[in-house]
Amino acid sequence: MEYLAIIIITFTSGVVGTGLGGVAGAILRRDSHKIVSLLLSFAAGIMLAVVCFDLMSEPIELMKAGELTKWTPLIIVAAVVVGYAVVCLLNFFIDKSTNHEVKHIDAEHPATADDLDELIHSNHLETHKNERSHLFVAGLVMMTAIALHNLPEGMVVGASYASTPDVLANLFSGSGFIIAIVIGLHNIPEGMAISVPLISGGMGKTKATLLTALSGLPTVFGALLGFALGGINKMMLVLSLGFASGAMLYVVFGELLPEAILMWKSKLPALSLFVGLLAGFLLVMF
């Protein structure tokens, strides 16, 4: 019953959240960079608060109660580093693959001096064709990247619920539910980032929206894995929470904040982060 409840929660957060972004992308085909920037930085603040004030503090409380060794802080740090490094390397290989695809597409129609006249006459048609092809590939790569990133994000939710004494009684309270909500909200702009290039590249709106929603499915598998590992024993709980915290810290510092700042070069995203941090603190404490 606990596993079924977690499946429902993470399915809503991952698949429905990303799917809503896909619908928004299909309808609007564009977004307000300023609003998205504030939302991303606000979500980053809440995630940061949950990691620092809840996920990483839970093992310390167990250590103070005598249930874990005094080396627990070092174990936590090691697990956080591993979690951060895994997602960082995953992101590196995805970026490398993306750059390779772009170079490949650009190399399909080289411009030489001999066929310059032909390129001038057919420039508009070829440019339009290449742009559509590039957008379609970019959408597929973005879908794969977000699907892979959703796996460790789901582990954060599952590990959080594993540290909850009574999961069913506290299903809609505590850090697990808070993180599920935040991940669902931050999946909306990610869904838009998938559906817009897919639709612009020629895919139908319905098919693009469905594929976008499916990219959130790994969240469910990650949550089940995090919950199963965290429920084995206290030490596995520490390792799961540490790994999940590292993965989430990379999402915050490696993705959300840089993206928010690039979208809107202002001091307001920093203020939104501050407000999100305080909101996350209050949510965790109450």
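Quick note on my numbering: the sequence shown kicks off at 10 and runs consecutively. Where a beta carbon is used, it is the ideal one built from N, C-alpha and C, also for glycine. All figures in this text were calculated on a predicted structure; none of them were measured in a lab.
{"Asked": "Cβ-based burial, G289 [other Cβ within 10 Å; buried from 16]", "Found": "buried"}
{"Asked": "F295 in three-state terms, based on DSSP", "Found": "coil"}
{"Asked": "When G239, K243, G225, V32 are compared against L77, the one with the closest alpha-carbon", "Found": "K243"}
{"Asked": "Neighbourhood of H113 by C-beta distance below 6 Å, restricted to the same chain and skipping five residues each side", "Found": "With a pLDDT of only 46 at H113, under 50, the local geometry of the prediction cannot be trusted, and the value read off the model is given with reservation. Counting only Cβ-Cβ distances below 6 Å, and skipping sequence neighbours, we find nothing."}
{"Asked": "DSSP-derived helix/strand/coil call for V176", "Found": "coil"}
{"Asked": "Within 7 Å, strictly: CB atoms of K276 and A35", "Found": "no"}
{"Asked": "H195 burial status per 10 Å Cβ neighbour count (16 or more: buried)", "Found": "buried"}
{"Asked": "Cβ-Cβ distance between T173 and G163 below 7 Å", "Found": "no"}
{"Asked": "Buried versus exposed call for I241 [16 or more other C-beta atoms within 10 Å across all chains shown]", "Found": "exposed"}
{"Asked": "Contacting residues, own chain, Cβ-Cβ under 6 Å from S50 (five flanking each side not counted)", "Found": "A269, P278, S281, L282"}
{"Asked": "A74 - containing alpha helix (DSSP H), residue span", "Found": "It is not in any alpha helix (DSSP H) - A74 carries neither H nor E in the DSSP assignment."}
{"Asked": "CB contact flag (I188, V166, <7 Å)", "Found": "yes"}
{"Asked": "Under 7 Å between C-beta atoms of V60 and M201", "Found": "no"}
{"Asked": "Check whether I197 and G26 have beta carbons under 7 Å apart", "Found": "yes"}
{"Asked": "Near the ligand PLP: L149 beta-carbon under 6 Å from a heavy atom", "Found": "As for the ligand PLP, it is missing from this structure, which has no ligand bound."}
{"Asked": "Three-way DSSP call (helix, strand, coil) for G148 in this model", "Found": "helix"}
{"Asked": "Same chain, Cβ closer than 7 Å to Y230, five either side skipped, listed in chain order", "Found": "Note that residue 230 corresponds to Phe in the displayed sequence, not to Tyr. Once the five neighbours on either side are set aside, the close Cβ partners of F230 are L160, G163."}
{"Asked": "Residues of its chain near D227, where Cβ-Cβ distance is below 8 Å and the 5 sequence neighbours each way are ignored", "Found": "Reading the sequence as shown, one finds Pro at residue 227 and not Asp. Closer than 8 Å at Cβ, skipping near neighbours: G23, A156, L157, N159, L160, G163."}
{"Asked": "DSSP-derived helix/strand/coil call for G211", "Found": "coil"}
{"Asked": "As assigned by DSSP and simplified to three states, the class of I190", "Found": "helix"}
{"Asked": "Residues of its chain near G16, where Cβ-Cβ distance is below 6 Å and the 5 sequence neighbours each way are ignored", "Found": "Here residue 16 turns out to be Ile, not Gly, going by the sequence shown. Closer than 6 Å at the Cβ level, and outside the excluded window around I16, lie V229."}
{"Asked": "Residues of its chain near T218, where Cβ-Cβ distance is below 7 Å and the 5 sequence neighbours each way are ignored", "Found": "G28, G31, V32, A35, S204"}
{"Asked": "Closest by C-alpha distance to Y170, when choosing among L248, A232, M151, G75", "Found": "A232"}
{"Asked": "Cβ-based neighbour list, E67, same chain, cut-off 7 Å, excluding 5 preceding and 5 following", "Found": "S172, L250"}
{"Asked": "Proximity of G211 and I55 at Cβ, strictly below 7 Å", "Found": "no"}
{"Asked": "Close beta carbons around V293, own chain, < 8 Å, minus the five adjacent residues each side", "Found": "A58, V59, F62, D63, S184, I187"}
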